[in-house]
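Colleague: Residue numbers (my numbering), protein chains in the order written: chain A, 1 to 127; chain B, 128 to 266.
1. Take residue 191/B as the anchor and find which of 226/B, 173/B and 256/B has the nearest alpha-carbon.
2. Assuming residue 48/A and residue 69/A make a contact with CB atoms under 8 Å, what is their CB distance in whole Å?
3. Have a look at the DSSP bridge pairing and note the partners of residue 80/A.
4. Short of 8 Å in beta carbon distance, which residues of its chain neighbour residue 59/A, apart from the five on each side in sequence? Order them along the chain.
5. Over what stretch of residues does the beta strand (DSSP E) that includes residue 133/B continue unbroken?
6. How about residue 55/A: is its C-beta nearer than 8 Å to some C-beta of chain B?
7. Under a Cβ-count criterion, where at least 16 other Cβ atoms within 10 Å of its own Cβ denotes burial, should residue 99/A be classed as buried or exposed?
8. Give every residue of the same chain whose Cβ lies closer than 7 Å to the Cβ of residue 263/B, excluding the five residues on either side of it in the sequence, and list them in chain order.
9. Does residue 11/A get closer than 8 Å to chain B when you measure Cβ to Cβ?
10. Among 202/B, 178/B, 243/B and 220/B, which has the Cα closest to the Cα of residue 230/B?
11. Using DSSP bridges, identify the partner residues of residue 252/B.
12. Do you know how far the Cα of residue 168/B is from the Cα of residue 53/A?
13. Could you name the residues of chain B that residue 39/A contacts, counting a contact when the two beta carbons are closer than 7 Å?
14. Note the first and the last residue of the continuous beta strand (DSSP E) segment covering residue 199/B.
15. Is the shortest distance between the beta-carbon of residue 156/B and the beta-carbons of chain A less than 8 Å?
16. Report back the beta-carbon spacing between residue 165/B and residue 210/B to the nearest angstrom; my notes put them in contact at under 8 Å.
17. If I follow the unbroken alpha helix (DSSP H) through residue 107/A, where does it start and stop?
18. Following the continuous beta strand (DSSP E) through residue 93/A, name the residue where it begins and the one where it ends.
19. Is it the case that the Cβ atoms of residue 94/A and residue 101/A are separated by a distance below 8 Å?
20. If you drop the 5 nearest sequence neighbours on each side, which residues of the same chain put their C-beta closer than 6 Å to that of residue 220/B?
21. Is it the case that the Cβ atoms of residue 137/B and residue 186/B are separated by a distance below 8 Å?
22. Have a look at residue 83/A and residue 57/A and give me their C-alpha separation to the nearest angstrom.
23. Are the Cβ atoms of residue 189/B and residue 232/B separated by less than 8 Å?
24. Compare the C-beta of residue 68/A against all C-beta atoms of chain B and say whether one is closer than 8 Å.
25. In whole angstroms, give me the CA-to-CA distance for residue 41/A and residue 201/B.
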């Protein structure tokens with residue numbers, strides 16, 4: 001799915017880098033916690049978030065994500081948009097809630113990045 | 128043999144600059160053509176460490192060393208030290224404040240995520256002295 005198609009599905013507005021609209025995105029991950037994004041996001045995975053400070057853009061930068069979408073119509077901080085422009089990160093804003101954004105994308109065929117299998121216990125990395 | 132070495136100081140408490148060091152290291156890796164998958168692992172590990180320095184430490188530094196075979200990131204702070212390392216290495220365990228959580232961090236994934244991304248991970252911590260983390264990433 002291209003970012004242009006994603007923008008249409010979410011009735012989203014471009015905040016920067018619209019020239020990258022034909023870039024392909026295979027998966028999506030949605031969270032307001034950047035700790036979780038850093039722990040789980042893999043290749044070709046875009047991020048949906050309601051976290052509007054610059055740490056969302058910095059997290060996206062570290063992971064080389066193809067696209068960042070701010071949900072719930074929350075306008076990101078100015079320094080976040082400036083940084084996204086500077087690093088060439090396609091960034092969009094949708095008025096949809098997180099739930100509706102994910103629902104619309106899932107129904108349109110967007111994939112979920114597969115997390116490591118959940119074993120029914122709290123995470124522990126003691127091995 | 129090519130070796131690149133650099134040391135970056137990290138200031139405690141300054142969330143607006145948190146990520147600057149990781150971004151600089153990432154740019155250097157990109158310039159010399161480090162493979163994307165390695166670059167991503169180094170970037171995630173370094174960024175997690177940098178965020179930890181900003182939110183938990185009294186300040187510290189990140190040393191970066193790259194050879195043709197591996198990238199080594201050493202993170203040393205000036206305290207306060209971690210009282211229970213086993214707990215701190217458990218996913219989901221965090222002492223972060225609400226303010227930090229509002230910035231999108233403090234889910235208790237930082238140290239485990241550093242360990243997961245690195246090929247070698249070592250951590251030593253002494254309360255009242257500081258924490259010393261070494262991550263090695265094979266290229």
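The beta-carbon is built from N, C-alpha and C at its ideal position, and this holds for glycine as well.
Modeller: Put simply:
1. Ranking the options by Cα distance to residue 191/B, first place goes to 173/B.
2. Right, the Cβ-Cβ distance comes to about 5 Å (below 8 Å), so this counts as a contact.
3. The secondary-structure analysis by DSSP pairs residue 80/A with nothing; it has no beta-bridge partner.
4. 34, 37, 38 and 47.
5. Start and end: 131-137.
6. Judged by the 8 Å Cβ criterion, residue 55/A is in contact with chain B.
7. With fewer than 16 other Cβ atoms within 10 Å, it is exposed.
8. Cβ neighbours of residue 263/B beyond the five flanking positions: 197, 199, 245, 246 and 247.
9. Output row for residue 11/A: interface = no.
10. Comparing Cα positions, the closest option is 178/B.
11. Answer is 258/B.
12. Residue 53/A and residue 168/B: Cα-Cα distance of roughly 23 Å.
13. Here the neighbours are 236 and 240.
14. Residues 197-204.
15. It does not: the Cβ of residue 156/B has no partner Cβ on chain A nearer than 8 Å.
16. About 34 Å separates the Cβ atoms of residue 165/B and residue 210/B, ruling out a contact at the 8 Å cut-off.
17. According to the DSSP assignment, residue 107/A belongs to the alpha helix (DSSP H) that extends over 98-107.
18. From DSSP, the beta strand (DSSP E) with residue 93/A extends over 91-93.
19. Contact annotation: residue 94/A and residue 101/A have beta-carbon atoms nearer than 8 Å.
20. Cβ neighbours of residue 220/B beyond the five flanking positions: 214 and 235.
21. If you check the CB distance, residue 137/B and residue 186/B come in under 8 Å.
22. The straight-line gap separating the alpha-carbon atoms of residue 83/A and residue 57/A is approximately 7 Å.
23. No, Cβ-Cβ distance for residue 189/B and residue 232/B is not below 8 Å.
24. It does not: the Cβ of residue 68/A has no partner Cβ on chain B nearer than 8 Å.
25. Computed Cα separation, rounded: 24 Å.
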